[in-house]
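The structure appears below as structure tokens.
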Amino acid sequence: MTSVEVTLKTLLTEVEGAVGTAVVDFTSGMALGTLGGGKNLDLTVAAAGNTDVIRAKTRTMEMLGLKDKIEDVLITLGSQYHLIRPVAGRSGNGLFIYIVIDKGCSNLAMARHHLKRAEEQLEI
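For what it's worth, the working numbering labels the leading residue of the sequence shown as 78, then goes sequentially.
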């Protein structure tokens, strides 16, 4: 099991093309931790905005009567992939991991694999 800090460092160093990452509480929209980003990527603003994405998808699934869970959400921009993965299990209820990767120098399948592994190992 790994802490938020270790999870963020691992994702930023192991995911090829990683630009920034965060662990977010989607009940409040607040980031529990961020790493990376920069002047063109404010991770605290992104954390709050992506909270709305998770909430909207969850509400939609409820309205449709879908008895399933969100594995991850992919948002594709011109030059970036934004991946959001809810944290499963009791210790992660209400949390998600968010990562932004550079589309030109990354492998989306491997990024999803790393994100899944990070989610499984995260301990809050």
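Heads up, the beta-carbon is just placed ideally off N, CA and C, and yes, glycines get one too.
Note that the structure is a prediction, hence the values are computed from the model and not measured.
Rounded separation between residue i and residue j - CA only
i	j	result
THR98	LEU141	31 Å
THR111	LEU143	32 Å
ILE254	SER80	Since the first residue shown for the chain is 78 and the last is 201, residue 254 is missing from the structure and cannot be characterised.
LEU185	LEU199	21 Å
ALA124	MET107	7 Å
ILE152	LEU160	6 Å
Proximity of residue i and residue j at Cβ, strictly below 8 Å
i	j	result
VAL100	LEU89	no
ALA188	VAL92	yes
LEU120	GLY126	no
ILE178	TYR158	yes
Residue i (DSSP reduced to helix, strand or coil)
i	result
THR104	coil
Residue i - partner residues in DSSP beta bridges
i	result
ALA99	THR111, TYR175
| request: Just list the beta strand (DSSP E) runs in the stretch 106 to 184, keeping only unbroken ones of 3 residues or longer that don't cross its boundaries, in chain order. | output: 107 to 113, 150 to 153, 157 to 163, 172 to 179
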